[in-house]
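Below is one structure; the comments refer to it alone.
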Amino acid sequence: MKKLAVLGGEKSFPDGVAFVRPPAPPLEEVVARLAPSYSQGSLTNGPLVRELEDSVAERLGVRNVVAVSSCTTGLMLSVAGLAQFGEINGPVIMPSFTFSAGPHAVAWSNLGVRFVECDPLSFQIDLAHTSMHLEGAGAIMATHIFGAPCRPEQVEAMGKSAGIPVLFDAAHGFGALRNGRPLGGFGEVEVFSMTPTKPLVAGEGGLVCTDRDDLAEYLRLAREYGNPGNYNTRFIGLNGRLSEMHAAIALASISHIDEHLETRRRLAGRYADGILAIPGVRTQAVDSEDLSTYKDFTIAIDAGDFGVSRDQLVTALSAEGIDTRNYFDPPVHRQDSHALRSPSDLPVTDAVSKTVVSLPLYPALTDDVVDQIVEIIASVGQSAESLL
Ligand SMILES: *Cc1c(COP(=O)(O)O)cnc(C)c1O
Numbered sequence: 172m173k174k175l176a177v178l179g180g181e182k183s184f185p186d187g188v189a190f191v192r193p194p195a196p197p198l199e200e201v202v203a204r205l206a207p208s209y210s211q212g213s214l215t216n217g218p219l220v221r222e223l224e225d226s227v228a229e230r231l232g233v234r235n236v237v238a239v240s241s242c243t244t245g246l247m248l249s250v251a252g253l254a255q256f257g258e259i260n261g262p263v264i265m266p267s268f269t270f271s272a273g274p275h276a277v278a279w280s281n282l283g284v285r286f287v288e289c290d291p292l293s294f295q296i297d298l299a300h301t302s303m304h305l306e307g308a309g310a311i312m313a314t315h316i317f318g319a320p321c322r323p324e325q326v327e328a329m330g331k332s333a334g335i336p337v338l339f340d341a342a343h344g345f346g347a348l349r350n351g352r353p354l355g356g357f358g359e360v361e362v363f364s365m366t367p368t369k370p371l372v373a374g375e376g377g378l379v380c381t382d383r384d385d386l387a388e389y390l391r392l393a394r395e396y397g398n399p400g401n402y403n404t405r406f407i408g409l410n411g412r413l414s415e416m417h418a419a420i421a422l423a424s425i426s427h428i429d430e431h432l433e434t435r436r437r438l439a440g441r442y443a444d445g446i447l448a449i450p451g452v453r454t455q456a457v458d459s460e461d462l463s464t465y466k467d468f469t470i471a472i473d474a475g476d477f478g479v480s481r482d483q484l485v486t487a488l489s490a491e492g493i494d495t496r497n498y499f500d501p502p503v504h505r506q507d508s509h510a511l512r513s514p515s516d517l518p519v520t521d522a523v524s525k526t527v528v529s530l531p532l533y534p535a536l537t538d539d540v541v542d543q544i545v546e547i548i549a550s551v552g553q554s555a556e557s558l559l
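Letter by letter, the sequence shown follows residues 172 to 559 in our numbering.
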């Protein structure tokens with residue numbers, strides 16, 4: 172067994188293992204894609220953005236894709252559009268165990284947020300808890316946590332039974348499959364992110380997918396200030412456009428995405444095989460019929476069985492040069508921005524947040540580094556007594 176750096180042993184990775192390395196496509200490919208638009212003077216919301224929207228719509232089998240400047244913008248405008256159509260009349264139910272952008276998007280439309288619990292094994296929205304909080308709710312917004320589908324057809328069914336729209340924060344989910352079906356076509360709308368920590372990158376950007384033509388039309392105007400072309404704005408929009416530069420990066424990124432996701436899945440499988448042999452450590456539960464993107468490879472620590480807490484593990488990994496993230500801690504209902512607006516009592520979410528940690532995962536990571544990280548985690552558990 173390795174002598175841990177935190178106990179005075181040698182640091183395993185003197186140069187460090189980064190938490191994330193954006194899967195940016197080769198620069199030559201980006202430049203080649205951008206060149207025609209650039210030389211025509213078309214720098215934003217032009218032919219490359221159209222090409223991106225069309226190719227994603229075809230790939231995912233959805234009627235409309237509207238590219239916007241970020242996933243946050245896409246979520247904001249989707250909520251605003253549905254509210255303007257009179258379809259959201261009350262607080263939006265969402266998990267607190269998610270990234271702040273979803274709840275922020277709801278708050279920007281002056282709607283309330285009603286936080287619900289997550290499942291302790293899958294970390295996804297807890298539908299049993301959701302079903303107890305539907306009274307008076309205006310919509311449900313669920314996140315596909317860490318790129319694993321959140322049983323979207325069950326969330327859809329719950330929304331339908333309550334007569335309220337369902338939106339999906341699919342920021343992590345480009346390329347994920349629910350029982351063979353790509354994410355993107357569930358609910359009224361699904362929104363992907365293309366910021367550098369996500370599986371599909373554009374630098375910045377979001378992709379709103381919807382089968383509804385009325386919502387797509389709203390979104391296309393909304394990302395242009397609400398201006399239909401004659402400067403007589405129809406409603407309060409904003410500048411939510413995607414630039415041609417970003418679309419060029421996204422198109423090049425899509426041409427590599429299948430290969431990229433395959434590598435992520437293979438490395439995640441390798442991690443999981445090693446992790447599952449360690450007492451007190453488990454991986455995010457993903458339904459066996461689903462394929463995750465593994466936007467994050469996230470484990471949960473049961474300190475009783477493992478021997479030390481998540482925080483002690485993180486300290487030990489950091490001493491070895493391994494960078495990790497405590498996604499999502501604090502959960503959104505504990506963040507200063509939402510704690511007073513939406514006071515919530517969510518003991519399961521609090522417990523999950525304190526026990527999870529996401530490990531480095533990206534195509535440039537080698538099998539050998541994955542194996543070493545697993546070994547170090549095992550050593551931390553075995554060294555628990557000296558660490559306490
Ligand atoms: C990253 C992220 C977002 C925000 O995406 P942007 O493109 O940066 O706006 C939204 N939701 C979740 C769950 C995310 O992880």
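C-beta: ideal position from N, C-alpha, C; glycine also.
Only a predicted model underlies this, so the values are computations on that prediction, with no experimental measurement involved.
- Our two residues, Gly400 and Pro218, have alpha carbons roughly 17 Å apart in a direct line.
- About 5 Å separates the beta carbons of Gly492 and Lys182, which is inside the 8 Å limit, making them a contact pair.
- Annotation for Ile470: the continuous beta strand (DSSP E) segment containing it runs Phe468 to Ile472.
- Here the distance from the Cβ of Ser515 to the nearest heavy atom of ligand 1 is not below 7 Å.
- In the three-state reduction of the DSSP assignment, Ala313 falls in the strand class.
- DSSP places Leu530 in the uninterrupted beta strand (DSSP E) bounded by Val527 to Leu530.
- Between the C-alpha atoms of Asp473 and Leu447 there is a straight-line separation of about 13 Å.
- Looking only at Arg435, Val360, Pro450 and Thr486, the smallest Cα-Cα distance to Pro193 is reached by Arg435.
- Here the region 194-206 does not lie against the region 326-334, with fewer than 3 beta-carbon pairs under 8 Å apart.
- Checking the 7 Å criterion, the Cβ of Ser249 is out of range of every heavy atom belonging to ligand 1.
- With contacts defined as CB atoms closer than 8 Å, Phe477 and Phe268 fail to qualify as a contacting pair.
- Three or more Cβ pairs drawn from the region 241-248 and the region 271-285 lie within less than 8 Å of each other, which places the two stretches in contact.
- Residue pairing of Ala238 in beta bridges, as defined by DSSP: Leu378.
- The beta strand (DSSP E) runs lying completely inside the region 373-460 and spanning 3 residues or more are 377-381 and 452-454, given in chain order.
- Nearest Cα to Ser364 within the set Gly377, Arg437 and Val523: Gly377.
- DSSP links Cys289 through a beta bridge to Ile296.
- Secondary structure at Met303: coil, using DSSP grouped into helix, strand and coil.
- A direct Cα-to-Cα measurement between Gly397 and Arg383 gives close to 18 Å.
- Checking the DSSP bridge columns, you'll see Arg204 has no partner listed.
- Between Cys289 and Val523, the gap from beta carbon to beta carbon is short of 8 Å.
- Scanning its chain for C-beta atoms nearer than 6 Å, with the 5 sequence neighbours on each side dropped, one finds around Ala333 the residues Leu305, in chain order.
- Phe406 counts as exposed, since fewer than 16 other beta carbons sit within 10 angstroms of its beta carbon.
- Taking non-hydrogen atoms of ligand 1 into account, the C-beta of Phe256 is found less than 7 Å away from none of them.
- Around ligand 1, the residues whose beta-carbon falls short of 7 Å from at least one of its heavy atoms are Ser241, Cys242, Thr243, Thr244, Leu246, Thr269, Phe270, Ala272, Gly273, Thr314, Asp340, Ala342, His343, Ser364, Met365, Thr366, Thr368, Lys369, Glu375, Gly376 and Gly377, given in chain order.
- Under the criterion of beta carbons closer than 8 Å, Pro370 and Thr464 qualify as touching, at roughly 5 Å.
- For Val485, the uninterrupted alpha helix (DSSP H) segment begins and ends at Arg481 to Ala490.
- Secondary structure at Met265: strand, using DSSP grouped into helix, strand and coil.
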